[in-house]
Structure formats: structure tokens, C-alpha cells
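The structure under discussion appears below in the form of C-alpha cells.
Number of protein chains: 2
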Amino acid sequence: MRTYAIVGTGALGGFYGAKLQRAGLDVHFLLNSDYQHVKQSGLVIESIDGDFTLPSVNAYDRAERMPACDVVVICLKTTHNRLLPNILPTLVKPNSVILVLQNGLGTEAEIAQILPHHSVVGGLCFICSNKVAPGRIHHLDYGEIKLGAYADGYQAMPITPMMAEIAADFRAADVAISPCADLLLARWQKLVWNIPYNGLSVVLDATTDRLMADPHTSALVAQLMHEVKLAAGAYDRDISEEFIHQMLAYTLKMTPYRTSMKIDYDAGKPLEIAAMFGTPLQFARDRGVELPLIGMLYQQLQFLNAATERRRENSTVDRV
Amino acid sequence: MRTYAIVGTGALGGFYGAKLQRAGLDVHFLLNSDYQHVKQSGLVIESIDGDFTLPSVNAYDRAERMPACDVVVICLKTTHNRLLPNILPTLVKPNSVILVLQNGLGTEAEIAQILPHHSVVGGLCFICSNKVAPGRIHHLDYGEIKLGAYADGYQAMPITPMMAEIAADFRAADVAISPCADLLLARWQKLVWNIPYNGLSVVLDATTDRLMADPHTSALVAQLMHEVKLAAGAYDRDISEEFIHQMLAYTLKMTPYRTSMKIDYDAGKPLEIAAMFGTPLQFARDRGVELPLIGMLYQQLQFLNAATERRRENSTVDRV
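Line by line, the protein sequences are chains S and V. Note that the numbering used here gives residue 142 to position 142 of the first sequence, counting from 1, and the numbers run on in steps of one. Note that the numbering used here gives residue 1316 to position 316 of the second sequence, counting from 1, and the numbers run on in steps of one.
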């Protein structure tokens, strides 16, 4: 039986980790602020697929106390990636696989630098879930994962046997999962949605339905999507007009949705700007491609993020 | 003695009109919601140049009741320009001059269509003033006006004798005023400041000092200014790098400032998007020039403006 380490037990890690444990796998959860609570009371999953509770889980507050695991699942927000060089080496054994369930671009390459001899697999999660209280995850919709192996420079890679085995574990845990042969294409495809909706939802204080109902912002969303297409094209990844059209149509039909970046922003948390905007812009620039509108969105988000940070610091000072 | 009609007695019209009347000119004020108050109590000017009160002014609630005047000064927000075709014809006699003290681009051309046989002069106001209560204007800083004659297609025009006479009246009223030979250049120059600061202050909920203190937004401000330079260039108007540099340096030194568009936005009023963004974008497009960042700012402002409008309508419904 494969062992799983869940690094970051929040909306994503709490949900998928709990599903894996419920299916009988040996799962170890790394926590931060919720450690005491989860150690004592376990995890509660309120899901459209059916609620369930795990009264007891393997909870840890420090990576050093965890066993090395076969699969190390990175579920941290990318804003905490500076912790990875300390956490990862203690969690792996020679054949461990690192599975990166994060948004944006670039984390797989960072991890390959920290652990150059380990397999790194990227996973894209299509899920609406929130942590609503310590150890309590609310799963609203979807949940599918798309897997792709990482190789130097994000070159396309065949599906490895290990990926198939991980996929089998997730399927046994009732999670839809599909391995694919081109991680970079999958990441750019996800950015087609993430960049416009996450960015504009924060800057314009809006849910997806509002952005789509207004002719100016729905046009702007499409323009931003085309800039992502341009960047993907610079890496010989083709995002079709049809794909963009589908993303727009899909969002138009979707239940009004507050994006993950907007949820973070409203909670006064740091925004995943680097992984979702900064690195894609840098990737494009590396191939001589400018993305003016995404660049402007990036600048606006940096401004708003810095303002939040200032408020956070002030409130810390107030408390002292 | 020349007679003046002030169309729109707010932060601008109330201030300049009161100064003209104090200097002994015959001034007639058109008002809307403040009519009763100003008719009874006159105008109060609280100015850094010295406070003064006009206990009695010629106040009107309808243009038809006003006498035709030598100079008709348009001080409405451009969001009310749809009223001009009804107001203007009743206020002019054959030799009247229309003086447009508005922001943005395009009103002079609109007025030339309504009154094809009258002289139209554009005036750019460099002033910080607010209406703080009915008939009460707070003049915080500056106040200079730059004048330029309008001619078909905004071609450059010599300074006319009538402009010199109007300038003399304003100078007698203690207002700094300088006629210039190229109205379109002056309008583009003013847009170099107005477009980035007005737009971003609304979208990012920020004063000018905050926008300049952040490296991302101060870079974005400069990029937006360069797009205005590009548009002006398409009309053979040269905005130098030195001019842009001066605008940035000047704003950096300025007292933290809430822009006029931000003041309107915070008050739940319609924004001057058409004159300040829409028409400049159209001017550029007419010459085959795209301004992607200004276009995005325009789309964002339209979205926010529509949201305000929705709130305004809902609150009207609530009151019924």
C-alpha cells in the first residue's frame, strides 16, 4: 500500500487526503495553524458527493516528524513555496514521487531543483472547495484532477507507470483523474481560465457571473484568454479558438463563483500572483512575447496585494 | 461689459462664476438641485486665495429663463452633455462665444454641431476644487485655465481677439489664464495626467500618492502616459518624454490627491468615461492606433460604472 504525505491540509489537501484515507490508504497530514484541532478532532468533509468525517487522522505540525512517503502531495498555496526547500527533503525516500496540486506555473521546476533525482508530477485540480473552519472542508462542486509528468523545460512526456498507479489510488478514493502526456499544455489551458477570472474578480470585486454579464468585461476576459493562447503558442502548445469559446460558454453557464484569488483577497491573505501571473509573464518574455493586458492585471494585483500586506502589518502592530 | 452664462454651478462653475461676478461682471448661473438654496443664499467660496461670499446671484433653474449671454461657459460634467442641444440654443445670440471648461476630448466638436455658426473655445482647468454643500465651493489649490480656439477637426488656430478679451475678464477676476494656439495638443497633454490617475484611482481605490509609491502602479502610470503620447502623435501632436517625466515628477511631489473621477465614484455619480477614455480611444482608432492598456482601463471603468448604476437604480426602487 502506497503512503501519502499531504503538505498543506486546506481546501484541497484536506479534501483529497481525506478521500484517500477513507479508501484505506495510509495518509499523513502536515498542518500549520489547524494542527491541534485536527489532531484532536480529525477532518470533516461536507461534500456534494456526500458528507463524511474522519475522527482520527495522522496529523503533524512539523515535516521532520512525518515518515518519508511514496507520494508527497503539495497542496500549499504557492505563496508558501519558500517553505518547500526545508519541507521536501525530509519527506522523501529514493523512489518517492512529488505530486504538485497547485495553481499557476513553475512549481514543478522549483521542486526539480530541490530534488533533482525524484519524479515530479503536476496535477491540475478542477474543483470548488473551501476550508470553512479548522479541519472542516466544504466541497461545493467538481473535483477532477488532470495529471502530467514534469520533465526538464516542461517537455512533453509519456504517461509513466507510477502516474497510472497514483491515478488508480485516486480512482479507488472516488476521485476522477486523467493522466495526460503534456503537462505544460494542461497548465496553459488552465491559465486560460485562471488568469482572467482570478485577476479581474479581485481588481473589480466581482463574481464570474458579473464579469460575464457585462459586455466590456466579457470582452476583456476573451482578450486576456487570447494573450494566454499567444504565450502557449510561443512554447508550441496550441490553444484553439474552440477551447477559448468553450471556457467562455462554460463560465457563462456556471453558478456565480467567487474565485480562489478573490477568496484569499477577501480574507486578507497573500495572493498567488507570482505563480499565476508573474511566471507566465516571464515564460512569455523568455520567448520574446509581450502580454500587455496580463502585464497590467499583474501590476494592479501587485498594488492591491501590497495594500493588503500593509493593512496586515498595521493590524499586527496594533495587537502588540 | 460682457455677460456670462455659467452652465452648471458646481466645483468649477461656482468657483469661476463667483470670481467673475466679484470682479463686477454680469454673471448668470444655471443650477439644478441647488437652485432654491443658491437663489436664496447665494454662493460661498472657501478658497486658499481667500474666502468670500456672494449673498445674491442671478440663479436660474431653466435655461429658457436666462438672458442670451456674450460668453456661455460650459461647466457641466460631460456625463450631462446630452442636455446641451436643449440648453445651448436659448443661451446664445449671434456673437456669443461658447467656452468649454470640461475634461476629456470631444465636447467642442459636439457643440460646433449644435451651433455651427458660433465660436467655440476650449478651456482646460488646472484646479483642485469641490462642491462641499449646495452653493458652497471649497477651492483647495491651483486654478489656472488654458484656452484654445476650436476649429474643424481640432486644427491648430491663431489666438483670436475674443479669446484675448475673455482672458482679460478672467485676469480681472484674479484667475490665471493663458491662451494657446493648439487646443488639441493641450487636450492630449491634459489627458497624459487624467487618463492614468483618474482611471487607476477608481479601479484600485487609491489616491495619487499611493499609485506613485508602488513600483508596479507607478510603472503602469508611465505606460499609460506613453499610450496617450502615441495617440497624440497620430494627430501630429508631439508629447515629449520630458513632458511625461515632468508629469510624473510633479505628481510625486503633489499633496495626496483624490482625483475628480474618484470623487464622483465615491459619491455614486456617473463617471466621465466617454469624454476621458472613450473619445480618446476612438480618436486613436480613427488613425489606426490601438491603445491596449487604456482600452483595458476603459473596460474596467465601464464595469464599475455599470455596477454603481445598478446600485443607484436599486436604491431608487427601495425608496419608492
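Don't be surprised by glycine CBs; every beta carbon is placed ideally from N, CA and C.
Query raised in the report: Do we get a CB-CB distance below 9 Å when we pair V:M1296 with the residues of chain S?
Result: yes
Query raised in the report: Would you say V:F1243 faces chain S, with C-beta separation under 9 Å as the test?
Result: no
Query raised in the report: Nearest to S:R136 by alpha carbon, out of S:Y298, S:Q282, S:G10?
Result: S:G10
Query raised in the report: Straight-line CA distance for S:G199 to S:Q36?
Result: 34 Å
Query raised in the report: Is V:I1074 buried or exposed, if buried means 16 or more other CB atoms sit within 10 Å of its CB?
Result: buried
**Report entry** Bridge partners - V:F1052, DSSP secondary structure assignment
**Finding:** V:I1045
Query raised in the report: Taking just the CA atoms, how far does S:S260 sit from S:G8?
Result: 16 Å
Query raised in the report: Within 9 Å (strictly less), CB to CB, does S:Q189 reach chain V?
Result: no
Requested in this report: If I'm right that S:S218 touches S:M212 with Cβ under 8 Å, what's the distance once you round it to whole angstroms?
Outcome: 5 Å
**Report entry** Whole-Å CB distance - V:V1203 paired with V:L1304, under 8 Å assumed
**Finding:** 7 Å
Query raised in the report: Hey, which unbroken runs of the alpha helix (DSSP H) at 4 residues or more fall wholly within the segment 188 to 229 of chain S?
Result: 208 to 213
Query raised in the report: Taking 9 Å as the CB-CB limit, is S:T251 close to chain V?
Result: no
**Report entry** the segment 1261 to 1275 of chain V in contact with the segment 1294 to 1312 of chain V per 3-pair CB rule at 8 Å
**Finding:** yes
Query raised in the report: For S:L293, which residues from the same chain have a beta carbon less than 7 Å from its beta carbon, with the 5 sequence-adjacent residues on both sides left out?
Result: Q223, L224, E227
Query - Listed by chain order, chain S residues near V:D1214 by CB distance under 9 Å - result: Q299, Q302, F303, A306, A307
Report task. With S:S178 as the anchor, note down where its beta strand (DSSP E) starts and where it stops. Result -> 177 to 180
**Report entry** 9 Å Cβ cutoff met for V:A1231 and V:V1175
**Finding:** no
Query raised in the report: Under a Cβ-count criterion, where at least 16 other Cβ atoms within 10 Å of its own Cβ denotes burial, should V:S1129 be classed as buried or exposed?
Result: buried
Report task. Compute the distance between the beta-carbons of V:M1254 and V:D1209, then report whether it is under 9 Å. Result -> yes
Query raised in the report: Which residues in the same chain as S:T53 place their Cβ atom closer than 6 Å to its Cβ, once the five residues preceding and following it in sequence are excluded?
Result: V44
Requested in this report: Below 8 Å on the Cβ atoms is my guess for V:Y1150 versus V:A1206; work out the distance and round it to an integer in Å.
Outcome: With a Cβ gap of about 34 Å, V:Y1150 and V:A1206 do not count as contacting.
Query raised in the report: If you draw a straight line from the alpha carbon of S:N81 to that of S:R62, how long is it in whole angstroms?
Result: 16 Å
Report task. With a 10 Å radius around its C-beta and 16 neighbouring C-beta atoms as the bar for buried, classify S:S315 as buried or exposed. Result -> exposed
**Report entry** V:D1286, buried or exposed, once every other Cβ within 10 Å from all chains shown has been counted against 16
**Finding:** exposed
Query raised in the report: Under a CB-based cut-off of 9 Å, is S:R311 close to chain V?
Result: no
Query raised in the report: Do you know offhand how far V:V1320's Cα is from V:T1308's?
Result: With a pLDDT of 45 at V:V1320, under the threshold of 50, the predicted position of this residue should be treated as unreliable, and no value is reported.
Report task. With DSSP as the reference, label S:Y142 as helix, strand or coil. Result -> strand
Query raised in the report: Out of curiosity, what's the CA-to-CA distance linking V:Q1021 and V:V1221?
Result: 39 Å
Requested in this report: Just mark V:M1001 as buried or exposed, buried being the case when its beta carbon has 16 or more other beta carbons within 10 Å.
Outcome: exposed
Query raised in the report: So, are the CB atoms of V:A1234 and V:T1107 less than 9 Å apart?
Result: no
Query raised in the report: Whole-angstrom Cβ separation of V:I1177 and V:A1186, contact assumed at under 8 Å?
Result: Rounded, the Cβ-Cβ distance is 13 Å, inconsistent with contact.
Report task. With 9 Å as the threshold, decide whether the Cβ of V:T1217 is near any Cβ in chain S. Result -> yes
Query raised in the report: Any idea if S:D49 is buried or exposed, counting beta-carbon neighbours within 10 angstroms, 16 or more meaning buried?
Result: exposed
Requested in this report: Could you confirm whether any beta carbon from chain V is found closer than 9 Å to the beta carbon of S:R285?
Outcome: no
Requested in this report: Taking C-beta pairs closer than 9 Å, name the residues in chain V that S:L293 reaches, listed in chain order.
Outcome: P1292, L1293, G1295, M1296
Query raised in the report: Comparing the C-beta of S:R258 with each C-beta of chain V, is any distance below 9 Å?
Result: no
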